[in-house]
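A.B. asks:
In this note's numbering, the protein residues as written are 7 to 99.
(1) Where in the segment 59-92 do unbroken runs of the beta strand (DSSP E), each at least 3 residues long, occur, reported from the N-terminal end onward?
(2) Rounded C-beta distance between residue 59 and residue 48? I'm assuming under 8 Å.
(3) Could you check if residue 40 is buried or exposed, using at least 16 other CB atoms within 10 Å of its CB as the buried criterion?
(4) Are the CB atoms of residue 79 and residue 46 nearer to each other than 7 Å?
(5) Based on Cα-Cα distance, which residue from 68, 94, 44 and 82 lies nearest to residue 55?
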């Protein structure tokens with residue numbers, strides 16, 4: 007009985023932690039945590055995204071076929087991680 011309670015608690019903790027990754031959906035697409043457009047954007051800082059913010063920016067810029075470049079990281083609540091979307095060097099317009 008105790009092992010079932012521990013298993014249930016761990017599943018609840020893992021499921022609750024999933025949305026805390028600032029806008030990541032199950033498909034890995036950036037969600038409402040990112041504010042931006044085809045030239046770049048900002049991501050609200052949270053320790054939960056400390057290891058995934060680069061991928062979040064890359065996924066956001068990939069919508070327009072561009073690469074991402076992180077311009078600033080302020081590791082404080084209420085601050086943002088800034089990034090720009092840049093053209094791939096081999097793409098002609």
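Just so it is clear, CB atoms sit at the ideal spot from N, CA and C, and this is done for glycine as well.
C.D. replies: Judging by the given coordinates:
(1) 73-79 and 86-92
(2) At roughly 11 Å, the Cβ-Cβ gap does not stay under 8 Å, so residue 59 and residue 48 are not in contact.
(3) The residue is buried, with at least 16 neighbouring Cβ atoms inside 10 Å.
(4) no
(5) 82
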